[in-house]
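What follows is a single structure, written as structure tokens, with notes after it.
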Amino acid sequence: MPTSPYFPTYYAGHSGEQGLVQDLVDEQIKLFGTDIYYIPKIVLQDSTLDEVRYTKYQEQFQIEMLLQNVTGFGDNAEFISKFGLRITDEVIFRVSTRRWDEEVADHNPNLTVTSRPNEGDLLYFPLTKDIYEIKFVGKEEPFFQFGKIQFYAITAEIYEVGSDDFDTGVAEIDTIEQLFDNAIKLFMDPGGTGDFIVGEEVVGDEFLAKAIVTDISANEVNTITITDGGSHYKQGTPPSVTITGGGGTGATATATVSSTGIVNGIAITSGGSGYSSAPTITIDYSPKDNRAEVKSWDSATRALSVINRTGTFTTDEVVTGLTSGSKWSPETFDTLNNVNSNYDQNRAIENDADNIVDWTEGNPFGEFGNFTGSI
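Residue numbers (this note's numbering): 2 to 376.
Below, the structure written as structure tokens:
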């Protein structure tokens, strides 16, 4: 006996019946579901080895999802491991395939695969105020009973925050990095200026190129001399040059970069007019300059807490707030001390390890000459 032309198990199916089932699925999710924030992941990789430096979450859109199942309440989702307290609460959400296509078309998010939710992206559940990381997307549930898939089944686990940058524009999501991201505290030298603003980006000048105006005859900028060529600049995309102050206007210049990444020339494209004193030359920061985001600033103790570092600051550089314009130089800091955690033991482990292995020896692991001062 032939199978039904309306509900086949392996044929294309009937579009009218498929549409009816899709309508029922969408209605069920809208009636009993929750508006979930979908947050795509942007990975920033090292240009040489493609190593992931850190991830950004800058986009979000809301879409209704049905909470199908929760594990974690009453099972072994919280347990103590050798890495500390582990929380692995797991949820399963269902999202309509049709509504997914509609929202993606409306918001055009940065997705690796646009046709479905992506593993590695995040979901923010407003009810519990938790962020979940998508671990698996079921793309064949139910298994083609109607010749078409009406929903995706998303399996997600509680997200373990690392050194990630959240800038979605939703306050309750963006505050998560302030609370949980790895943070270090820098104590600044006296003599700095200004106050850092929470959330602003700060950048050091370890590799920054510098220049000064050495000739303003006829009230024009005539000569610019490079005092420090900096390093790690890109020859194909030279840094911008900004000329400010000096009482005049209209002076412009462009920089050139050598094959070794050093700013080796500044060409004046317009001398401007009305300059009574030497203006200030500002060259854009090197791509290698250390950057971070301000978590907190205490002007009384000169303590700056930062998150989302892309490098390690040094005590020889000046750290500038790109929004506030504040300028301070680090005096002391400890990159192993995570001030966002009460359980962090990196510094204690490092100190204990140094007591076991004498790193002042030239060959601490070998046999030959293995005694202090032998090499």
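By construction, the Cβ of each residue, glycine as well, lies at the ideal position given by its N, Cα and C atoms.
Member of the options whose CA lies at the smallest distance from the CA of residue i
i      : options                        : result
Gly237 : Val203, Thr255, Ala354         : Thr255
Ile284 : Ile43, Pro239, Ile132, Leu187  : Pro239
Ile185 : Arg292, Tyr38, Asp355          : Arg292
Ile269 : Lys296, Trp298, Tyr286, Glu221 : Glu221
Ser274 : Thr113, Asp216, Gly17, Glu294  : Asp216
Leu187 : Arg303, Ile225, Asn70, Phe33   : Arg303
Leu68  : Phe33, Gly170, Ser327          : Phe33
Ser259 : Asp299, Gly246, Ala210, Val214 : Ala210
Gly205 : Leu123, Asp290, Asn339         : Asp290
Asp299 : Pro191, Ile357, Gly262, Ala349 : Pro191
Glu141 : Arg95, Phe314, Gly262, Asp107  : Arg95
Glu201 : Leu21, Ala106, Arg310, Gln19   : Arg310
Ser241 : Gly247, Thr261, Pro288         : Pro288
Lys136 : Asp90, Gly20, Ala301           : Asp90
Per-residue DSSP class, three states only, for residue i
i      : result
Thr156 : strand
Arg292 : strand
Ile357 : helix
Asp27  : helix
Ser330 : coil
Ile174 : helix
Phe33  : helix
Asp117 : It is Arg, not Asp, that sits at residue 117 in the sequence shown. In the structure shown, Arg117 sits in coil (DSSP, three-state: anything other than H, G, I, E or B).
Ile350 : helix
Phe181 : helix
Asn265 : strand
Ser103 : The residue asked about is misnamed: residue 103 is Glu in this sequence, not Ser. The answer is helix: DSSP assigns Glu103 an H, G or I state.
Thr98  : helix
Gln69  : strand
Glu207 : coil
Glu18  : helix
Ala377 : Past the boundaries of the shown model lies residue 377; the chain is included only from 2 to 376, so the question cannot be answered.
Alpha carbon of residue i to alpha carbon of residue j, nearest angstrom
i      : j      : result
Glu104 : Thr56  : 23 Å
Ser306 : Ala279 : 36 Å
Lys149 : Leu128 : 31 Å
Asn341 : Gln179 : 8 Å
Leu323 : Tyr234 : 19 Å
Ile244 : Val203 : 21 Å
Glu332 : Glu173 : 34 Å
Tyr160 : Ile177 : 11 Å
Gly1   : Asp24  : An answer regarding residue 1 cannot be provided, because it is not within the stretch 2 to 376 covered by the chain.
Asp229 : Thr194 : 23 Å
Asn223 : Asp345 : 56 Å
Glu28  : Asn183 : 42 Å
Val92  : Asn339 : 29 Å
Val44  : Tyr125 : 19 Å
Asp353 : Gly262 : 40 Å
Phe314 : Phe334 : 9 Å
Asn77  : Ile350 : Summary for Asn77: the model assigns pLDDT 49, below 50, so the residue's position carries little reliability; its value from the coordinates is reported in the next sentence. Roughly 28 Å between the two C-alpha positions.
Asp355 : Asn343 : 23 Å
His108 : Thr253 : 39 Å
Ile30  : Leu21  : 14 Å
Gln19  : Asn347 : 57 Å
Glu120 : Gly246 : 51 Å
Asn70  : Val26  : 17 Å
Ala301 : Leu112 : 44 Å
Test item: CB-CB of residue i and residue j under 8 Å
i      : j      : result
Gly231 : Val264 : yes
Glu377 : Ala157 : Because residue 377 is not part of the residues shown, which for the chain are 2 to 376, the question remains open.
Ile282 : Ala219 : no
Met189 : Trp329 : yes
Gly249 : Thr257 : no
Asp175 : Phe181 : no
Asp165 : Tyr58  : yes
Ile138 : Ser297 : The question names Ile, yet the displayed sequence has Val at residue 138. No.
Thr98  : Gln151 : yes
Phe62  : Pro110 : yes
Glu318 : Ile308 : no
Ser325 : Phe197 : yes
Thr226 : Ile40  : no
Lys42  : Asp122 : yes
Beta-carbon separation (whole angstroms), residue i vs residue j, contact threshold 8 Å
i      : j      : result
Ser277 : Gly251 : With 8 Å as the limit, Ser277 and Gly251 do not qualify as a contact, their Cβ atoms being about 14 Å apart.
Glu65  : Thr35  : 7 Å
Ser327 : Thr321 : 7 Å
Val171 : Tyr38  : 7 Å
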